[in-house]
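**Q**
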Amino acid sequence: MKHLLYEITHSTEYQYLGTVSVSHHLLRLAPRQSSRQRCLSHELVIDPLPAVISSHSDYFGNESHFITVETPHHELIITSRSEVAVQPSFVPDASETPSWESVRAWCRSDRSGHVLEAHEFTYASPLVPTGAEFGRYAFESFIAGRPILEAVLDLTRRIHTDFKFDPTATTVTTPVAEVFRQRRGVCQDFAQFQLACLRSLGLPARYVSGYLETDPPPGQTKLRGVDASHAWVSFFCPGMGWIDVDPTNNCITSLRHLTIGWGRDYADVCPVRGVLMGGQNQLLKVSVDVVAQGPVPLDAEE
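Residue numbers for the sequence shown follow my numbering, so the first one is 49 and each next one is one higher.
1. Checking 8 Å against the spacing of the C-beta atoms, do leucine 124 and phenylalanine 190 come in under that value?
2. Quick check on DSSP: helix, strand or coil for valine 68?
3. Check whether the stretch 326–333 touches the stretch 56–74, taking contact to mean three or more Cβ pairs, one atom from each stretch, closer than 8 Å.
4. Taking the alpha carbon of proline 140 as the point to measure from, which residue in Phe284, Val227 and Gly311 has its own alpha carbon closest?
5. Cβ of arginine 80 within 8 Å of Cβ of histidine 51?
6. Is the beta carbon of isoleucine 56 sitting closer than 8 Å to the one on tyrosine 259?
7. Indicate, with yes or no, if the ligand NAP has a heavy atom lying under 7 Å from the CB of threonine 145.
8. Using only alpha-carbon positions, find the residue among Ala99, Ala172, Thr127 and Phe187 that is nearest to isoleucine 115.
9. Do the stretch 162–180 and the stretch 227–245 meet, that is, are 3 or more Cβ pairs less than 8 Å apart?
10. Runs of 3 residues minimum, wholly inside the stretch 89–154: which ones carry the beta strand (DSSP E) assignment?
11. Expressed to the nearest angstrom, what Euclidean distance is found between the alpha-carbon atoms of asparagine 297 and serine 143?
12. Can you name the start and end residues of the beta strand (DSSP E) that alanine 253 belongs to?
13. Can you tell me whether histidine 162 is buried or exposed? The criterion is at least 16 other CB atoms within 10 Å of its CB, across all chains shown.
14. Would you call the stretch 276–294 in contact with the stretch 192–205, where contact means no fewer than 3 C-beta pairs closer than 8 Å?
15. Does the beta-carbon distance from aspartate 263 to glycine 233 come in below 8 Å?
16. Considering only the alpha carbon of each residue, which of Gly287, His305 and Ser82 lies closest to phenylalanine 108?
17. Buried or exposed: serine 89, going by 16 or more other Cβ atoms within 10 Å of its Cβ?
18. Can you pull the DSSP bridge partners for glutamine 85?
19. DSSP state of serine 59, grouped into three classes?
20. From proline 174 to histidine 72, what distance separates their C-alpha atoms?
21. Considering Cα atoms alone, identify which of Thr301, Val344, Asp316 and Ala172 is closest to proline 136.
22. Starting from isoleucine 291, follow its DSSP beta bridges and name the residues at the other end.
23. Is leucine 201 helix, strand or coil when you go by DSSP?
24. So if DSSP puts proline 351 in a beta bridge, which residue, or which two residues, is it bridged to?
25. Is the separation between the beta-carbon of arginine 152 and that of leucine 251 shorter than 8 Å?
26. How many Å lie between valine 134 and lysine 212 at the Cα?
27. Based on the DSSP secondary-structure assignment, which residues constitute the bridge partners of arginine 80?
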């Protein structure tokens, strides 16, 4: 079966005002393996060289790396390079999906297999609250008896229409309630707001972190390092599994969406998180390149 091959380079550079004597970092930069996505290779290049580097799968099955840098340093550069092959996801006919009320009832009563796992994503999380105000916004889309995919796509469309993309309006710590009030933000904000809406109705939904291949403006060459991390939402439909939607771009995810990991909210899949001794103020620079290499006959390579 043909897959579309991508090369991904994600560079994170920290510059510190003072000397950092020791730093510990948790990295979630390795692309996720799934039925639609295969991570063919992944490597980390870190300068200064860590004294300790280890890997493990976290609670949600995301590959994570822990590093310790013991060499005194004024800057730290973490470069992640990956090759990922993706194929289209199965997308059911929206009108043939079960009603959203039946999905909610099913996820509340069934305690077996994947449904039990999905039930965990019906609750509030540290960055995604639930509440009546989110439920009221969602109810305009979730009318009685409506097929769940129809309702989710309508909610996705409304968020895309009602909220303005504004990278200056929020930070990674801006509460979802504030995003709702000002109706501005970035992909992380829109994803977490949609999660709050779905979970407030008792529906299982998780936060997905990854990348989105972008195109340059018409007539221009794509510049290096101008891509970025992206976030979207995945909701659960019994019998069909998880279906991904992107409220920032008002779409079901496509071949251009490349998954790093998933969790309850951004805090579960933050790409780089660290603790330092020394260093004082820091300057952060991130660059991402997502480059399509063309189709690849993956099964023939195995």
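Every residue gets a Cβ at the ideal spot worked out from N, C-alpha and C, and that includes glycine.
All figures in this text were calculated on a predicted structure; none of them were measured in a lab.
**A** Taking the coordinates as given:
1. no
2. strand
3. yes
4. Phe284
5. no
6. yes
7. Summarising the ligand content, the structure contains no ligands, and the ligand NAP is consequently not present.
8. Ala99
9. yes
10. 100–105, 111–117 and 121–134
11. 22 Å
12. 253–260
13. exposed
14. yes
15. no
16. Ser82
17. exposed
18. Val134
19. strand
20. 23 Å
21. Thr301
22. Phe283
23. helix
24. The requested residue 351 does not occur in the structure, where the chain is confined to residues 49 to 350.
25. yes
26. 30 Å
27. DSSP, once it has assigned bridges, lists no residue as partnering arginine 80.
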